[in-house]
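In our numbering, the protein residues as written are 337 to 610.
Have a look at the structure below before the remarks.
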Amino acid sequence: MVSGIAFTTKDVEAATRVALLGKTVADNLFPGGDPVGQTIRIRNVPLTVIGVLSPKGQSPSGQDQDDVVLIPISTSKKRVSGVSQASAGSVGAIMVQATGPTTIKQAQEQVHTLLRQRHHLQRSQDDDFTIRNLEEVFAAQETSARVMAVLLAVIASVSLIVGGIWIMNIMLVSVTERTREIGLRQAVGAQTGDILLQFLVEAVTISLLGGVMGIGLGVATSILISRFAQWSTVLSPGAALLAFAFSGLVGVFFGYYPARKAAFLDPIDALRYE
């Protein structure tokens, strides 16, 4: 890959038919070969490749920054886009890089002043342009991420409540069907704590099995998405352990009431139950 390449003043002034390719474009058009010196066509206009940009990877929004072709602005207007002479000097967007993180605000103020001068705007006139920096973009993305996290938390909470209620209903049915068994255990000396612990263990076991199945399904889905959709996924063992532990807590919370009901059954009534 070639870095440090830029168009010369001569290329811009003469509207030279040259182009710089991003890594993705170069790999797609010239797999395994050297694209420098080769010719590509944009709207049937032949352009000579003079270099390949250094790979940048994905942007914070997930866009491939290497899927790009750069040509001189004059070449675009005069030869590719066919811009009329009246609007030949117009520019839709300009990207400016500050010298460092500490100079972003100063650079933004300088750009703002320069654009107002170039657009001949009076002090009483509003800006007819918009300036955005990466801090604003990151702040917007952070807000979106927080909203998404809240939505996912709400969905997960509803799922846990539904799953917990299902476990509690299953355990209540189990207590009803095993009433005589509980009475026999009490008759041979089982204490209240023993029966309470037995049904709690059963509830936690059911919940943990569901947690293991959910973790397995999540891992399998992540692998399939990474393989077929070409998305980068990260599997966190810590998150899996946290999910496993939380599923156990759900079993304890929703299994306590059925277990307590079984533990405090009257032995005589339990033995007489049909």
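Note that beta-carbon positions come from the ideal geometry of N, C-alpha and C, so glycine has one too.
Three-state class that DSSP yields for residue i in the structure shown
| i | result |
| --- | --- |
| threonine 375 | strand |
| aspartate 463 | coil |
| aspartate 605 | helix |
| threonine 352 | coil |
| glycine 340 | Caution is warranted here: a pLDDT of 49 is assigned to glycine 340, below 50, making its placement in the model unreliable, and the coordinate value is therefore given only provisionally. Looking at glycine 340 - three-state DSSP - the assignment turns out to be coil, as it is neither helix nor strand. |
| valine 570 | coil |
| threonine 449 | helix |
| tyrosine 592 | helix |
| aspartate 400 | strand |
| isoleucine 407 | coil |
| leucine 457 | coil |
| threonine 435 | coil |
| glycine 358 | coil |
| isoleucine 386 | strand |
| valine 427 | coil |
| glycine 511 | Note that residue 511 is valine in the sequence shown, not glycine. Three-state DSSP puts valine 511 in a helix. |
| glutamine 394 | strand |
Local Cβ density within 10 Å of residue i, reported as buried at 16 or more and exposed below that
| i | result |
| --- | --- |
| glutamine 461 | exposed |
| glycine 428 | exposed |
| threonine 479 | exposed |
| glycine 547 | buried |
| leucine 577 | exposed |
| glutamine 446 | exposed |
| glycine 529 | exposed |
| glutamate 538 | buried |
| isoleucine 667 | Because the chain here runs from 337 to 610, residue 667 falls outside it and cannot be looked at. |
| aspartate 463 | exposed |
| alanine 595 | buried |
| leucine 488 | exposed |
| leucine 533 | exposed |
Residue from the options whose Cα sits closest to the Cα of residue i
| i | options | result |
| --- | --- | --- |
| glutamate 471 | Thr438, Gly500, Arg454 | Thr438 |
| isoleucine 503 | Ala485, Tyr592, Glu445 | Tyr592 |
| glutamine 374 | Asn364, Val381, Ile386, Gly368 | Ile386 |
| leucine 544 | Gln527, Gln566, Gly587 | Gly587 |
| valine 391 | Ile430, Thr384, Gly358 | Going by the sequence as given, residue 391 is proline instead of valine. Proline 391 has its Cα closest to that of Gly358, out of Ile430, Thr384, Gly358. |
| proline 408 | Ala342, Phe465, Val388, Ile604 | Ala342 |
| phenylalanine 535 | Phe590, Leu450, Pro382, Gln399 | Phe590 |
| proline 573 | Ala492, Gln566, Ala581 | Ala581 |
| arginine 516 | Asp605, Thr384, Gly393 | Asp605 |
| glycine 554 | His455, Leu571, Trp567, Val540 | Leu571 |
| asparagine 469 | Arg454, Leu496, Asn505, Met431 | Met431 |
| valine 381 | Lys414, Asp400, Asp402 | Lys414 |
| serine 493 | Thr449, Ser583, Phe474, Arg454 | Ser583 |
| phenylalanine 465 | Ala476, Phe474, Gln453 | Gln453 |
Whole-angstrom distance between residue j and residue i, CA atom to CA atom
| i | j | result |
| --- | --- | --- |
| isoleucine 531 | isoleucine 518 | 8 Å |
| lysine 346 | arginine 353 | 11 Å |
| isoleucine 559 | leucine 520 | 50 Å |
| valine 404 | leucine 356 | 8 Å |
| phenylalanine 366 | valine 486 | 45 Å |
| alanine 422 | serine 412 | In this prediction, alanine 422 scores a pLDDT of 45, lower than 50, which makes its location untrustworthy; the coordinate-derived value is nonetheless stated afterwards. Going by the C-alpha atoms only, they are around 15 Å apart. |
| glycine 369 | leucine 457 | 51 Å |
| glycine 499 | threonine 360 | 45 Å |
| glutamine 433 | leucine 451 | 16 Å |
| threonine 435 | isoleucine 497 | 52 Å |
| valine 297 | alanine 362 | Nothing can be reported for residue 297: it is not among the residues displayed for the chain, which extend from 337 to 610. |
| threonine 344 | isoleucine 440 | 26 Å |
| serine 395 | arginine 563 | 20 Å |
| aspartate 402 | asparagine 364 | 11 Å |
| isoleucine 467 | serine 495 | 43 Å |
| alanine 443 | alanine 481 | 28 Å |
Whole-Å CB distance - residue i paired with residue j, under 8 Å assumed
| i | j | result |
| --- | --- | --- |
| alanine 579 | isoleucine 551 | 6 Å |
| alanine 351 | serine 417 | Not really, about 11 Å apart at Cβ, beyond 8 Å. |
| proline 371 | valine 348 | That pair is no contact at about 22 Å. |
| alanine 598 | valine 511 | 4 Å |
| proline 603 | glutamine 527 | No, proline 603 and glutamine 527 are not in contact; Cβ-Cβ is about 12 Å, not under 8 Å. |
Residue-level contact to chain B via CB, residue i, 9 Å cutoff
| i | result |
| --- | --- |
| valine 404 | Judged by its chain identifiers, the structure shown contains no chain B, having just a single protein chain. |
Any non-hydrogen atom of the ligand SAM closer than 8 Å to residue i Cβ
| i | result |
| --- | --- |
| arginine 459 | Absence of the ligand SAM from the depicted structure is noted, as is the absence of any ligand whatsoever, leaving it without description. |
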